[in-house]
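*Asks:*
2 protein chains.
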Amino acid sequence: MTESKATNITWHEGRVGRAEREAIVGQKGVLIWFTGLSASGKSTIAFTVEHALVERGQLAYTIDGDNIRHGLNKNLGFSAEDRTENIRRIAEVGKLFVDAGVITCAAFISPYVADRQAARDVIGPKDFIEVYLNPSLAVCEERDPKGLYKKARAGEIPGFTGIDDPYEPPTDPQLTIDTATVTPQAAAAIIIGLLEERGNVPARST
Amino acid sequence: MTESKATNITWHEGRVGRAEREAIVGQKGVLIWFTGLSASGKSTIAFTVEHALVERGQLAYTIDGDNIRHGLNKNLGFSAEDRTENIRRIAEVGKLFVDAGVITCAAFISPYVADRQAARDVIGPKDFIEVYLNPSLAVCEERDPKGLYKKARAGEIPGFTGIDDPYEPPTDPQLTIDTATVTPQAAAAIIIGLLEERGNVPARST
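So the protein sequences, as listed, match chains A and B. At position 157 of the first sequence (counting the first as 1) the number is 157 in this note's numbering, and the numbers step up by one without a gap. Position in the second sequence (first residue = 1) + 1000 = this note's numbering.
(1) Please tell me whether A/Val30 and A/Leu195 are closer than 8 Å, where the distance is taken between their beta carbons.
(2) Can you have a look at B/Ser1079 and say buried or exposed, based on whether 16 or more other CB atoms are within 10 angstroms of its CB?
(3) Buried or exposed, going by whether 16 or more other CB atoms sit within 10 Å of the CB of B/Glu1022?
(4) Comparing the C-beta of B/Val1131 with each C-beta of chain A, is any distance below 8 Å?
(5) Give the interface partners of B/Val946 over in chain A, defined as CB-CB distance under 9 Å, in chain order.
(6) With a threshold of 8 Å between beta carbons, is B/Glu1081 in contact with chain A?
(7) Quick check: is the beta carbon of A/Glu197 nearer than 8 Å to any beta carbon in chain B?
(8) Is any heavy atom in the ligand HEM found nearer than 7 Å to the beta carbon of B/Glu1130?
(9) Distance, Cα to Cα, B/Gly1077 vs A/Gly193?
(10) Using DSSP with H/G/I as helix, E/B as strand and the rest coil, what is A/Tyr149?
(11) Can you list, in chain order, the residues of its chain with a C-beta nearer than 8 Å to that of A/Asp115? Leave out the 5 residues immediately preceding and following it.
(12) Residues of chain A with a CB under 7 Å from the CB of B/Ile1063: which are they?
(13) If the cut is a Cβ gap below 7 Å, which residues of chain B does A/Val16 touch?
(14) Would A/Lys126 be called buried (16 or more neighbouring beta carbons within 10 Å of its own) or exposed?
(15) Quick check on A/Phe34: does DSSP put it in helix, strand or coil?
(16) What residues in the segment 1131-1145 of chain B have a beta carbon less than 9 Å from any beta carbon of chain A?
(17) Closest Cβ-Cβ distance between B/Phe1047 and chain A: below 8 Å?
(18) Where B/Phe1097 and A/Ala118 are concerned, what is the direct C-alpha to C-alpha distance, given to the nearest angstrom?
(19) At a Cβ threshold of 8 Å, is A/Gln174 touching chain B?
(20) Whose C-alpha, out of B/Arg1198, B/Gly1162, B/Val1049, B/Glu1013, is nearest the C-alpha of A/Val16?
(21) Determine, using beta-carbon pairs with one atom in the segment 1058-1073 of chain B and one in the segment 34-48 of chain A, whether at least three such pairs fall under 8 Å.
(22) Look at A/Ile177 and A/Ile32 and say whether their C-beta atoms are less than 8 Å apart.
(23) Just how far apart, CA to CA, sit A/Ala91 and B/Ile1103?
The following block contains the structure:
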């Protein structure tokens, strides 16, 4: 360890610990894993959480289909094997973000129990919060914001989760939220309350 | 946009912009891409930069073989095709980190010009700094901290960069540093000076 006169920096060669980064951003990294059918509200709630945290001065980031499927995982399809690899890579990226100290939301259908369990194992259970959004298929199909269910019913999207590909519900999620009756704002408030209780972000006085 | 009484948060459903995250951490995200032979000093200098920045209260994070090859890219080998996919995934992860507002170091041999160009294209040239560490092969082989060159010379590691696999030097790197004569501390100070000039981190008065 030597001192540079010019910049008044202490120089170390070793890797920085996670706790040192977390002290800078005043929070503890965590991965909030949203799972549920298409149109169950995963991205909407993730963005609402992200936005609310950023307005509080906390560093939050959402990974979802928009920035993963067209980037890191653009060479993957929707076979069972590719879905597993899709979730594996997302979990590994999430692990890096958590290590960097970021409050990270991951919003993916992630239909298989085994894949989500593998994600939890990669991240470590202490840093992994599973949030299950469980409105009924009928509710999701009624919403159908991108017209995907309609296309799937017409046979234009084979292997569509909930139609002709299975969704395996979580057996022990930290939170289950029925977005048929809970608004995205209320859902986000519940999640942020949990983050405060866990000490991931400082509690804000009302 | 509605106001929640309980938490005094403004709720938005849309994605947070990069600039809003950058304002929180007081910096502008960037990817510093270190390239060079094995034992040229990539990880050492990346960690030194990371450490110095974190001591200044800036959020920096290094991705390198240690946290990528055993995680995200553990299903890749060292064929030309796998090396290309290795760098592609790293670039996509780097893009997410830059979008999150993090000063990100990537320390990988990345021997092929085309792969580094592809990485630059993924990140965007404005957010990409290529740092070429160019001590001679003889210097790297003399250092050989992990005994890899010795094994490669003995034929135990086929396809080793610099021995029986090519290293293609950058044609137009932002910085070229000969670590045979420049210490890691001095190299890190040069890089941090560049980050200050570019406005990625605030300048620190001496």
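Note that beta-carbon positions come from the ideal geometry of N, C-alpha and C, so glycine has one too.
*Replies:* Straight from the coordinates:
(1) The sequence position of residue 30 of chain A within the first sequence is 30, counting from 1. The sequence position of residue 195 of chain A within the first sequence is 195, counting from 1. A contact, by the Cβ cut-off of 8 Å.
(2) Translated into positions along the second sequence, residue 1079 of chain B becomes position 79. Looking at its Cβ environment, which holds fewer than 16 other Cβ atoms inside 10 Å, B/Ser1079 is exposed.
(3) Residue 1022 of chain B sits at position 22 when you count from the first residue of the second sequence. B/Glu1022 should be labelled buried.
(4) Translated into the one-based positions of the second sequence, residue 1131 of chain B becomes position 131. So no, B/Val1131 is outside the interface.
(5) As shown, chain B starts at 1001 and ends at 1206. That puts residue 946 of chain B outside it, with no answer to give.
(6) The count along the second sequence starts at 1 and reaches residue 1081 of chain B at position 81. Under the Cβ distance rule, B/Glu1081 does not count among the residues neighbouring chain A, no pair being separated by less than 8 Å.
(7) By 1-based counting over the first sequence, the position of residue 197 of chain A is 197. Not closer than 8 Å to any Cβ of chain B, the Cβ of A/Glu197 fails to qualify, so no.
(8) No copy of the ligand HEM occurs in the structure displayed, which carries no ligand at all.
(9) Locating residue 1077 of chain B in the second sequence gives position 77, where the first residue counts as 1. Locating residue 193 of chain A in the first sequence gives position 193, where the first residue counts as 1. B/Gly1077 and A/Gly193: Cα-Cα distance of roughly 43 Å.
(10) Here the question's residue 149 of chain A lines up with position 149 in the first sequence. Reduced to three states, the DSSP call for A/Tyr149 is helix.
(11) Mapped onto the first sequence, residue 115 of chain A falls at position 115. Excluding positions up to five away in sequence, the list reads Arg83, Thr84, Ile87, Arg88.
(12) For the purposes of this step, residue 1063 of chain B is taken as residue 63 along the second sequence, with counting starting at 1. Simply Leu96.
(13) For the purposes of this step, residue 16 of chain A is taken as residue 16 along the first sequence, with counting starting at 1. Counting only Cβ-Cβ distances below 7 Å, A/Val16 has contacts in chain B at Glu1050, His1051, Val1054, in chain order.
(14) Along the first sequence, read from residue 1 onward, the residue named residue 126 of chain A stands at position 126. Counting Cβ neighbours within 10 Å, A/Lys126 comes out exposed, since fewer than 16 surround it.
(15) Taking the first residue of the first sequence as 1, we reach residue 34 of chain A at position 34. Of the three classes helix, strand and coil, the one that applies to A/Phe34 here is strand, per DSSP.
(16) none
(17) The residue given as residue 1047 of chain B occupies position 47 in the second sequence. Nearest CB-CB separation between B/Phe1047 and chain A: below the 8 Å threshold.
(18) Indexing the second sequence from 1 puts residue 1097 of chain B at position 97. Indexing the first sequence from 1 puts residue 118 of chain A at position 118. Cα to Cα, B/Phe1097 sits roughly 23 Å from A/Ala118.
(19) For the purposes of this step, residue 174 of chain A is taken as residue 174 along the first sequence, with counting starting at 1. False, the Cβ-Cβ gap to chain B never drops below 8 Å.
(20) In the first sequence, counting from the first residue as 1, residue 16 of chain A sits at position 16. Nearest to A/Val16 by C-alpha distance, out of B/Arg1198, B/Gly1162, B/Val1049, B/Glu1013, is B/Val1049.
(21) no
(22) For the purposes of this step, residue 177 of chain A is taken as the residue at position 177 of the first sequence. For the purposes of this step, residue 32 of chain A is taken as the residue at position 32 of the first sequence. No, the pair does not count as a contact, with Cβ atoms beyond the cut-off.
(23) As a working note, residue 91 of chain A is residue 91 in the first sequence. As a working note, residue 1103 of chain B is residue 103 in the second sequence. Approximately 21 Å, taken between the alpha carbons.
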